[in-house]
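Numbering (our numbering), first residue to last: 82 to 412.
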Amino acid sequence: MVKANAYGSGSSEVSIALQRNKCDFLAVAVADEGAELRNEGITMPILVMNPEKHSFSLLFEHHLEPEIYSFELLESFIEEAERQGITDYPIHIKVDTGMHRLGFMPDEVDKLITLIKSQNSVKIRSIFSHLVGADNPQFDDFTRQQISVFKAYSDKLSDAFDHKILRHILNSPGIERFPEYQFDMVRLGIGHYGMSANGHKLRNVCSLKTTILQIKNVPADETVGYSRKGKLTRNSQTATIPVGYADGLNRKLGNGIGKVMINGKIAPIIGNVCMDCAMIDITGIDAKVGDSVEIFGDNMSIEKMAESIGTISYEILTGISKRVKRIYYQE
82 MVKANAYGSG SSEVSIALQR NKCDFLAVAV ADEGAELRNE GITMPILVMN PEKHSFSLLF
142 EHHLEPEIYS FELLESFIEE AERQGITDYP IHIKVDTGMH RLGFMPDEVD KLITLIKSQN
202 SVKIRSIFSH LVGADNPQFD DFTRQQISVF KAYSDKLSDA FDHKILRHIL NSPGIERFPE
262 YQFDMVRLGI GHYGMSANGH KLRNVCSLKT TILQIKNVPA DETVGYSRKG KLTRNSQTAT
322 IPVGYADGLN RKLGNGIGKV MINGKIAPII GNVCMDCAMI DITGIDAKVG DSVEIFGDNM
382 SIEKMAESIG TISYEILTGI SKRVKRIYYQ E
């Protein structure tokens, strides 16, 4: 999964690495993301999860393979393929097994088979579904129910056609917790970026770091930042770092909620996070202008950061703006 700028990591760079390492498929959310990858030299199959009618021409132009989740979308796509004289264009059928977001309902399989057999413009390359709560043991019965529904649906669909139809239902937590249901493929998402849904120790691959711009000695009873939110109760030393909410440092991390690491020591964010900067309390920490500051990475858990503001690591990662410079290391 390389949608949303590869979860904030840089879609073209990550996709090039995956292609070099012989990954079988990439998946993006919208056609524009796929077209961008084609322009960067990506030649491997790309699945588009949320295709829209206005993007059909882009799909055909860049040979992007759409997720098809409704009869309305399928009929429109077939019509456009026929208009362009295209045959056997690969599509991916999404079945709704309980997420209730997108997908054909289980009782629509016969109608779907009839429609697909009535034309030759598109050809089913895979059938898949999405697990709702594979990360949580309390939903294991429902997860197995989803898989059972998916297996019955995909068996019937596959049996209706002579060619091999790939099947996949496991997302990252599913890969970790239900390896017996891998079918033909799995869809690695957040796990690819070093986040485990099951407490497994995965290798960290994403860090957000910055440097200290300025250090100030601020007396007790002064305040730091907008709206005088950063109230000091002691003589303090503060440091300003050039990362703000426009960079993806969530404003909710201000006023002591968020913390960073400087020279092996934890420093809380003080006052409101600004658009382009944040201030941190470095009282008692040996630091100087230019020192490295880890916002998340090997030492500062992105999961704990997300938990502190009531969100998930996905939002933190995908929220890092494109103006933040990405540096890539290759072993």
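Ideal placement from N, C-alpha and C gives every residue a C-beta, glycine not left out.
Note that the structure is a prediction, hence the values are computed from the model and not measured.
A residue is called buried when at least 16 other Cβ atoms come within 10 angstroms of its Cβ; Pro254 meets this threshold and is buried. Per DSSP, the continuous beta strand (DSSP E) segment holding Asn298 begins and ends at 295-299.
Straight across, the Cα-Cα distance linking Pro323 with Leu330 is about 10 Å. An exposed status is given to Phe152, since fewer than 16 other beta-carbon atoms sit within 10 Å of its beta-carbon. When DSSP states are grouped into helix, strand and coil, Met360 belongs to the strand group.
Pairing Met360 with Asn102, the inter-Cα distance amounts to about 41 Å. Taking a contact to require three or more Cβ pairs closer than 8 Å, the stretch 205-214 and the stretch 247-267 qualify as touching. Shown here, Lys403 sits in coil according to DSSP, grouped into three states, outside any helix or strand. Take Ala112, set aside five residues on each side of it, and the residues of its chain with a beta-carbon closer than 7 Å to its own are Val129, Pro132, Ser136, Leu139, Leu140, Leu145, in chain order.
The secondary-structure analysis by DSSP pairs Ala241 with nothing; it has no beta-bridge partner. DSSP places Tyr409 in the coil class of the three-state scheme, outside both helix and strand.
When rounded, the separation of the alpha-carbon atoms in Phe223 and Phe259 is 13 Å.
Around the beta carbon of Phe185, 16 or more other beta carbons sit within 10 angstroms, so the residue counts as buried. Unbroken beta strand (DSSP E) stretches of 3 residues or longer found wholly inside the stretch 251-338: 289-292, 295-299, 317-322, given in chain order. Under the Cβ criterion (8 Å, minimum of three pairs), the stretch 300-313 counts as touching the stretch 346-362.
Cβ atoms of Val203 and Tyr234 stay farther apart than 8 Å, at about 18 Å.
Less than 8 Å divides the Cβ of Glu384 from the Cβ of Met276. Nearest to Phe377 by C-alpha distance, out of Gly325, Leu289, Asp191, is Leu289. Closest by C-alpha distance to Glu142, out of Glu117, Asp191, Ile393, Leu294, is Glu117. Nearest to Arg206 by C-alpha distance, out of Ile271, His181, Ser239, is Ser239. Residue burial annotation: Ala301 is exposed, with fewer than 16 other C-beta atoms found within 10 angstroms of its C-beta. Around the CB of Glu148, 16 or more other CB atoms lie within 10 Å, so the residue is classed as buried. Shown here, Phe106 sits in coil according to DSSP, grouped into three states, outside any helix or strand.
Note on geometry: alpha-carbon atoms of Thr195 and Leu398 lie some 42 Å from one another. Judged by beta-carbon spacing, Thr319 lies beyond the 8 Å limit of Lys340, meaning their Cβ atoms are not closer than that value.
Per DSSP, the continuous alpha helix (DSSP H) segment holding Phe141 begins and ends at 137-142.
In the structure shown, the three-state DSSP call for Ile397 is helix. Note that the C-beta distance between Asp177 and Asn279 is not below 8 Å. Per the DSSP secondary-structure output, Ile127 pairs in a beta bridge with Leu107. In this structure, the beta-carbon distance from Gly89 to Gly400 falls below 8 Å. Comparing C-alpha distances from Lys198 to each of Ile390, Met381, Thr168, Pro187 shows the shortest one belongs to Thr168.
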